[in-house]
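In terms of numbering that gives the first Met the number 0, the sequence shown opens at residue 0 and continues consecutively. Heads up, the beta-carbon is just placed ideally off N, CA and C, and yes, glycines get one too.
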Amino acid sequence: MQTEVMNIEGMTCMGCVNSVKNVLEKIPGVAGVEISLDQKQATIHYDDAAANTDQFRKAIGDAGFEVVI
Numbered sequence: 000m001q002t003e004v005m006n007i008e009g010m011t012c013m014g015c016v017n018s019v020k021n022v023l024e025k026i027p028g029v030a031g032v033e034i035s036l037d038q039k040q041a042t043i044h045y046d047d048a049a050a051n052t053d054q055f056r057k058a059i060g061d062a063g064f065e066v067v068i
């Protein structure tokens with residue numbers, strides 16, 4: 000099991016948090032997602048044999064948010 004922390008721009012409310020969480024949880028291999036609105040971060044627990052960070056970036060972008068480094 001791997002853990003990835005991603006900084007996300009564009010989240011302004013709990014609706015945004017729920018949108019990001021929902022798209023990430025739908026990715027096969029994702030075991031859990033924690034979102035911090037205050038820190039603008041997503042912590043993703045996943046099986047690296049089934050999911051990867053490129054999938055997370057795409058899902059977050061498709062939901063209307065931006066992953067920043």
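What do you reckon, are the CB atoms on residue i and residue j nearer than 8 Å?
i   : j   : result
V19 : I34 : yes
I59 : V67 : no
V22 : A50 : no
F64 : I7  : yes
V32 : A41 : yes
Per DSSP, residue i is paired with what?
i   : result
T42 : V4, E33
E65 : E8
Give the range of the alpha helix (DSSP H) segment to which residue i is assigned.
i   : result
D47 : Note, D47: premise wrong, no alpha helix (DSSP H); not H, not E.
C12 : No alpha helix (DSSP H) contains C12, which DSSP labels as neither H nor E.
Are there 16 or more other CB atoms within 10 angstroms of the CB of residue i, so buried, or fewer, so exposed?
i   : result
A48 : exposed
V4  : exposed
M10 : buried
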